[in-house]
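Participant: Sharing a structure below in structure tokens format, with a few things to ask.
In my numbering, the protein residues as written are 6 to 184.
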């Protein structure tokens, strides 16, 4: 079983882009913070990945991203649950609702905004179930974190989405030309 050059290149670009997003989520770069909160780069990558994928591919992508983040950060409130839910909802939203709108650029920013709020809400429920802090303190903190993360992530989403989407569209058209 031999791989074509474009398949190897596609795999490398996909993995390198995920690694860059993971690196960006671990590093604090001046100018990218709002109240000490940075964009959720892995979420942006996951939404970009899940948009034009199948249900199973999106679920595997969410599971892998969640496992990677749990391995690199504190895993007591797991990232797996929220990222798998986000990847599956992204597939459903894009295929049923957003696909009819021709503006990919805007629809991705809207999806990332909503999914960032959902991720932080799920993490808040997980933190509450583990009893980390009082519910009112947790709600105030998560509200600020969710809104800041959603704003920053939706503003930075095109930086990840546009190059990857163009690459995957190029591969799709080149595959259609070959067959």
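Glycine included, each C-beta is placed from N, C-alpha and C at the ideal position. Keep in mind the model is a prediction, meaning the values are calculated, not measured.
Going by DSSP, name the residue or residues bridged to residue 42.
Facilitator: Its beta-bridge partners are 39.
Participant: Can you tell me which of the three DSSP states residue 171 falls into?
Facilitator: Residue 171 falls in the helix class under three-state DSSP.
Participant: If you reduce the DSSP assignment to three classes, tell me which class residue 163 lands in.
Facilitator: Residue 163: helix per DSSP, three-state reduction.
Participant: Quick check: the Cα distance between residue 23 and residue 86, rounded to an integer number of angstroms?
Facilitator: Using only the alpha carbons, I get a separation of about 19 Å.
Participant: Return the CA-CA distance between residue 92 and residue 67, expressed in angstroms with no decimal places.
Facilitator: Distance between the alpha carbons of residue 92 and residue 67 is about 6 Å.
Participant: Out of 17, 15 and 44, point me to the one whose CA is closest to residue 29's CA.
Facilitator: Minimum Cα distance to residue 29 is reached at 44.
Participant: Does the distance from the CB of residue 125 to the CB of residue 151 come in under 8 Å?
Facilitator: Going by C-beta atoms, residue 125 is nearer than 8 Å to residue 151.
Participant: Taking the continuous alpha helix (DSSP H) assigned at residue 11, which residues delimit it?
Facilitator: Looking at the DSSP string, the run of the alpha helix (DSSP H) that includes residue 11 is 10-31.
Participant: Determine whether the beta carbon atoms of residue 53 and residue 133 lie at a separation below 8 Å.
Facilitator: No.
Participant: Using a Cβ-Cβ cutoff of less than 8 Å, which residues in the same chain neighbour residue 123 once the five nearest sequence positions on both sides are dropped?
Facilitator: Taken in chain order, the residues that qualify are 87, 90, 91 and 94.
Participant: Compute the Euclidean distance between the alpha carbons of residue 19 and residue 160, then round it to the nearest angstrom.
Facilitator: Those two C-alpha atoms are separated by around 21 Å.
Participant: Nearest to residue 130 by alpha carbon, out of 114, 148 and 63?
Facilitator: Among 114, 148 and 63, the Cα nearest to that of residue 130 is on 148.
Participant: Is there at least one Cβ from chain D nearer than 8 Å to residue 55's Cβ?
Facilitator: In the structure shown, chain D cannot be found, because there is only a single protein chain.
Participant: State yes or no: is the C-beta of residue 27 within less than 8 Å of the C-beta of residue 56?
Facilitator: In this structure, residue 56 does not lie closer than 8 Å to residue 27 by Cβ.
Participant: Give me, in chain order, the residues of the same chain whose beta-carbon lies closer than 8 Å to that of residue 143; leave out the 5 immediate sequence neighbours on both sides.
Facilitator: The answer, listed in chain order, is 129, 132, 133 and 137.
Participant: I'd like the span of the alpha helix (DSSP H) that includes residue 71, first residue to last.
Facilitator: Where residue 71 is concerned, the enclosing alpha helix (DSSP H) stretches over 60-77.
Participant: Over the uninterrupted alpha helix (DSSP H) stretch that includes residue 99, give me the two end residues.
Facilitator: Segment 84-101, the alpha helix (DSSP H) holding residue 99.
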